[in-house]
Each structure stands twice: as structure tokens, then as C-alpha cells.
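J.:
Residue numbers (UniProt numbering): 1 to 54.
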């Protein structure tokens with residue numbers, strides 16, 4: 001049995017618009033539950049991000 005600390009809680013979010021910021025993504029997902037952090041990866045023509053929850 002995995003403990004809560006060893007169980008990863010990271011969500012992949014794809015197909016993001018170039019205007020989307022990490023602050024916006026964190027604010028939106030914070031409405032659902034606690035968010036530890038957000039990271040948007042900006043590559044040429046491809047934007048995606050990860051949201052880590054508590």
C-alpha cells in the first residue's frame with residue numbers, strides 16, 4: 001500500500017492556448033482542490049502543463 005506522500009498527484013494538461021499563464025491555470029484548478037504548483041512548458045507551437053496537487 002502506497003502512502004499519500006509516495007503517491008504522485010500530478011495532472012497533465014494539454015492543448016493550452018499561448019495566452020494561458022501558470023497563475024491562471026493554478027487559479028482555475030484551485031477552485032477544485034488544493035494545488036501545490038503549476039508549470040507550463042512552452043515549446044514551439046506546443047503548450048502543455050502540469051498541475052501538482054496536495
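Glycine is no exception: its CB is placed at the ideal position from the N, C-alpha and C atoms.
Starting from residue 24, follow the alpha helix (DSSP H) in both directions and report where the run begins and ends.
T.: Unbroken alpha helix (DSSP H) run through residue 24: 22–30.
J.: Closest by CA to residue 19, which one among 10, 46, 51 and 34?
T.: The shortest Cα separation from residue 19 among 10, 46, 51 and 34 belongs to 46.
J.: What is the rounded straight-line gap between the Cα of residue 22 and the Cα of residue 49?
T.: Going from the Cα of residue 22 to the Cα of residue 49 covers about 8 angstroms.
J.: From the DSSP output, in three-state form, read off residue 42 for me.
T.: Residue 42: strand per DSSP, three-state reduction.
J.: Assuming contact is defined by CB atoms lying nearer than 8 angstroms, are residue 52 and residue 37 in contact in what I supplied?
T.: Yes.
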